[in-house]
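Engineer:
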Amino acid sequence: MFLNPEFIENPPEPLKVDLPVFQGPLDLLLYLIKREEVDIYSIPIERITDGFLKHLAMMQELNLDIAGEYVVMAATLLYIKSRSLLPKEQQILIEEGEDEDPRWELIRQLLEYKKFKDASVKLGLLYEAQSKVAWRGDDDREMIPKKVKGLGPEAMFVLLEAFQRILSRFQEQEARLEGDRFTVSDKILWIREQLAGGRRVLFSALFDSMHSREEVVVTFLAVLELVRLKKVIVFQETLFAEIELEESIEDGESIITEEALEKESGEENVSVNLDASPIK
Amino acid sequence: MKIESIIEALLFAASKAMSAEDLIKALEQTKAREKGSKDEAIPTVEEVSAIIKGLQEAYDREQRSFQILEVNHGYRLGTRPEFAPWVETLYQEKPTKLSPAALETLAVIAYRQPISRPEIEAIRGVAVDGVIQSLMERKLIKGAGRSNLPGRPQLYQTTGDFLEQFGLSNLDELPDAHELRRVGSGAHGGDLFEKKNESDVDLANPPLFQGSDEADIQTALNIEASVPLSGANENQEGGSDGSQGSFSETA
């Protein structure tokens, strides 16, 4: 790779294009009319057509998808423009009685569109104001699940309870091969494998393939160790839901312990965040 | 039991806007079941409206964190907007924004309902199928039968959810409703929407803007200068829900 060192030190400014987003050709026309500071009823068709075509070219250059409606509008504008260039007596009358300015239809359309565009802005403000109100009995909005994170007293209790349940499955199974050796470090590697790529594993499912109490206990110790090392998050989607394991996204710092949360919220003075914080 | 408290309890327990009729019905049903125990008179729609006004005034006085809002042809309890920063932390998703395209399309539908897709596209000048789809998914609009126009295109209208999410009691509360609402033009044939349409379209009132394009533009031209067009304000729904009280707290 040959890179000019100067280029690396002083990369060129990224290309800045100040192009407003238009909601269609009518929107673009309104913008042009406003920019030209002309009256909507006396559109200078030449100037507006030029502006419109320039914008189309710009959009093309930026590889923006130009919807067919823009092309149709460009054709309409060009037609009106060409018609206006003809001497009055040579202008074709399309329909009887239609001897008016051909801009008429366009103006009508623009005015109609503008009414709704203005109304939509007002509606947007209403919507924004109303979105600050939480309705009583609103079943459509989902509450943030309470994740039991870190190893606070509550989480520890929940986890131990789950472990007891699993251990009880192995009560009667005494048949066990001597020499089966399980180590915590092996199990740590194995658990991390199970959780690789952001997979979630049910705490109970972790022990499905196991046959002995010893293996279960060693695996549980491995889970505790991983949580202590902040490599794994233990959580519940909702109260009384199955406990799940998930890889900690940022090693080391990702688990928010209760103490850390308390400290944090103390600083920010936002105690509501305590349980609901979606921080991972 | 004070009637104020009963109505408050009903509003508190409801998970949708309760109209004055809904509240009266609940009172009547209880009275029928518990014969003789209480001989309280069932309030009229106007009295319910006054009672709710009284409740709201009490909330204001006591600076409660909630209020009674007039939405969707009824009353519903909601938090006051100033508590949004705290309340929002409880919810999975922040209230989603609506794109300008969605708002424009929604505006056209709201003022001109029931309306077909080609008609919306004629006004906005762009294709709207994608936007319509997402507005349907968000339950802001719904189908309103089919037009009698050639091809019998699907018609659309706004929903009760729309009224609630925009803090509107009815469609006459839309901004500039008197100017923009097309009143019962009958373009699609009246049989399609007259009953199911939540009295959104007032067929009884003569259309305000009909006739040539020219007249339309003249009207548009005069809007800024002119006084509100006569008849525009009589366009209210016939007080069917009695919710014309004036204490709406909509921010």
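One line per chain: the protein sequences are G and P, in this order.
Here the first sequence stands for residues 0 to 279, where the numbers follow numbering that gives the first Met the number 0.
Here the second sequence stands for residues 0 to 250, where the numbers follow numbering that gives the first Met the number 0.
Glycine residues also receive a C-beta, built at the ideal position from the N, C-alpha and C atoms.
In this text the structure is predicted, and so the values were computed from the model without any measurement.
Going along chain P in order, which residues have a C-beta closer than 9 angstroms to the C-beta of aspartate 138(G)?
Structural biologist: Against the first sequence, residue 138(G) aligns to sequence position 139. Here the neighbours are Ser14.
Engineer: Quick check on this structure: which residue in Ile65(G), Lys116(G), Leu29(G) has the alpha carbon closest to the alpha carbon of isoleucine 106(G)?
Structural biologist: For the purposes of this step, residue 106(G) is identified with residue 107 of the first sequence, where counting begins at 1. Among Ile65(G), Lys116(G), Leu29(G), the Cα nearest to that of isoleucine 106(G) belongs to Leu29(G).
Engineer: In the structure shown, what three-state DSSP assignment does aspartate 199(P) receive?
Structural biologist: Locating residue 199(P) in the second sequence gives position 200, counting from the first residue. Residue placement at aspartate 199(P) cannot be trusted, given a pLDDT of 42 that sits under 50; the coordinates are not used to answer.
Engineer: Does the CB of proline 80(P) have a neighbour CB from chain G at under 7 angstroms?
Structural biologist: Residue numbering aside, residue 80(P) sits at position 81 when the second sequence is read from its first letter. It does; some Cβ of chain G falls within 7 angstroms.
Engineer: Just to confirm before moving on: does the CB-CB distance between glycine 124(P) and glycine 50(G) stay below 7 angstroms?
Structural biologist: On the second sequence, position 125 is the one that residue 124(P) refers to. On the first sequence, position 51 is the one that residue 50(G) refers to. No, the Cβ-Cβ distance between glycine 124(P) and glycine 50(G) is not below 7 angstroms.
Engineer: In angstroms with no decimal places, state the Cα-to-Cα distance between glutamine 156(P) and glycine 129(P).
Structural biologist: Within the second sequence, residue 156(P) is the residue found at index 157, counting from 1. Within the second sequence, residue 129(P) is the residue found at index 130, counting from 1. Near 16 angstroms, if we compare the C-alpha coordinates of glycine 129(P) and glutamine 156(P).
Engineer: For chain P, is any of its Cβ atoms less than 7 angstroms away from the one on lysine 33(G)?
Structural biologist: Translated into the one-based positions of the first sequence, residue 33(G) becomes position 34. Chain P, which has no Cβ nearer than 7 angstroms to the Cβ of lysine 33(G), makes this no.
Engineer: Please check the pair serine 247(G) and lysine 229(G), which I expect to be a contact at CB under 8 angstroms, by giving their CB distance rounded to whole angstroms.
Structural biologist: One-based indexing of the first sequence puts residue 247(G) at position 248. One-based indexing of the first sequence puts residue 229(G) at position 230. Confirmed, about 6 angstroms.
Engineer: Cβ of serine 270(G) less than 7 angstroms from any chain P Cβ?
Structural biologist: Sequence index remark: in the first sequence, residue 270(G) carries index 271 (1-based). Note that serine 270(G) scores 35 on pLDDT, short of 50, meaning its location in the model is unreliable and no value can be drawn from it.
Engineer: Taking the alpha-carbon positions, what's the leucine 220(G) to glycine 196(G) distance?
Structural biologist: Numbered from 1 along the first sequence, position 221 holds the residue referred to as residue 220(G). Numbered from 1 along the first sequence, position 197 holds the residue referred to as residue 196(G). Computed Cα separation, rounded: 22 angstroms.
Engineer: What's the C-alpha gap between glutamate 127(G) and lysine 96(P)?
Structural biologist: For the purposes of this step, residue 127(G) is taken as the residue at position 128 of the first sequence. For the purposes of this step, residue 96(P) is taken as the residue at position 97 of the second sequence. So the alpha carbons of these two residues sit roughly 8 angstroms apart.
Engineer: Run through the DSSP bridge pairs and tell me what leucine 76(P) is partnered with.
Structural biologist: Sequence index remark: in the second sequence, residue 76(P) carries index 77 (1-based). Answer is Ile67(P), bridged to leucine 76(P).
Engineer: Using a Cβ-Cβ cut-off of 7 angstroms, state whether aspartate 175(P) counts as contacting chain G.
Structural biologist: Here residue 175(P) is taken as the residue at index 176 of the second sequence, counted from 1. By this cut-off, aspartate 175(P) is an interface position.
Engineer: Residues in the same chain with beta-carbon distance under 8 angstroms from glutamate 320(P), minus the five sequence neighbours each way, listed in chain order, please.
Structural biologist: Beyond the ends of chain P as shown, which are 0 and 250, falls residue 320(P); an answer cannot be given.
Engineer: Just verifying my parser: in three-state terms, what is the DSSP assignment at glutamate 243(G)?
Structural biologist: Within the first sequence, the letter at position 244 stands for residue 243(G). Strand.
Engineer: Kindly indicate the opening and closing residues of the alpha helix (DSSP H) around glycine 53(P).
Structural biologist: Walking along the second sequence from the start, residue 53(P) turns up at place 54. 44-61 is the extent of the alpha helix (DSSP H) around glycine 53(P).
Engineer: For my contact list, threonine 218(G) and leucine 201(G) are in at a C-beta cut-off of 8 angstroms; report their separation, rounded to the angstrom.
Structural biologist: The sequence position of residue 218(G) within the first sequence is 219, counting from 1. The sequence position of residue 201(G) within the first sequence is 202, counting from 1. Rounded, the Cβ-Cβ distance is 13 angstroms, inconsistent with contact.
Engineer: Run through DSSP, which three-state label would arginine 123(P) get?
Structural biologist: Numbered from its first residue, the second sequence carries residue 123(P) at position 124. Helix, per DSSP.
Engineer: List the residues of chain G that leucine 105(P) touches, going by C-beta distances under 8 angstroms, in chain order.
Structural biologist: By 1-based counting over the second sequence, the position of residue 105(P) is 106. Chain G residues near leucine 105(P): Ser119, Leu122.
Engineer: Can you pull the DSSP bridge partners for glycine 142(P)?
Structural biologist: Translated into the one-based positions of the second sequence, residue 142(P) becomes position 143. DSSP output for glycine 142(P) lists Tyr155(P) as bridge partner(s).
Engineer: Apply the 10 Å Cβ neighbour rule to aspartate 38(G) and answer buried if 16 or more other Cβ atoms are within range, or exposed otherwise.
Structural biologist: Counted from its first residue, the first sequence places residue 38(G) at position 39. By the 10 Å Cβ count, aspartate 38(G) comes out exposed.
Engineer: Label valine 215(G) either buried or exposed according to how many other C-beta atoms from any shown protein chain fall within 10 Å of its C-beta, with 16 as the threshold for buried.
Structural biologist: Counted from its first residue, the first sequence places residue 215(G) at position 216. Valine 215(G) is buried by the Cβ-count criterion.
Engineer: If the cut-off is 9 angstroms on Cβ atoms, which residues from the stretch 39-73 of chain P count as contacting chain G, listed in chain order?
Structural biologist: Against chain G - using a Cβ distance shorter than 9 angstroms - the residues of the stretch 39-73 of chain P are Phe65, Gln66, Leu68, Val70.
Engineer: According to DSSP, simplified to helix, strand and coil, what is methionine 17(P)?
Structural biologist: Here the question's residue 17(P) lines up with position 18 in the second sequence. Strand at methionine 17(P).
Engineer: Between the stretch 101-121 of chain G and the stretch 49-56 of chain P, are three or more C-beta pairs nearer than 8 angstroms?
Structural biologist: Counting Cβ pairs under 8 angstroms, fewer than three are found: no touch.
Engineer: Could you confirm whether any beta carbon from chain B is found closer than 7 angstroms to the beta carbon of alanine 133(G)?
Structural biologist: The structure shown contains no chain B; its protein chains are G and P.
Engineer: Output, in sequence order along the chain, the residues in the stretch 226-245 of chain G whose CB is closer than 9 angstroms to any CB in chain P.
Structural biologist: Of all residues in the stretch 226-245 of chain G, none has a Cβ within less than 9 angstroms of some Cβ in chain P.
Engineer: Contact check, leucine 68(P) vs arginine 75(P) under 8 angstroms by CB: the rounded distance?
Structural biologist: Walking along the second sequence from the start, residue 68(P) turns up at place 69. Walking along the second sequence from the start, residue 75(P) turns up at place 76. Rounded, the Cβ-Cβ distance is 6 angstroms, consistent with contact.
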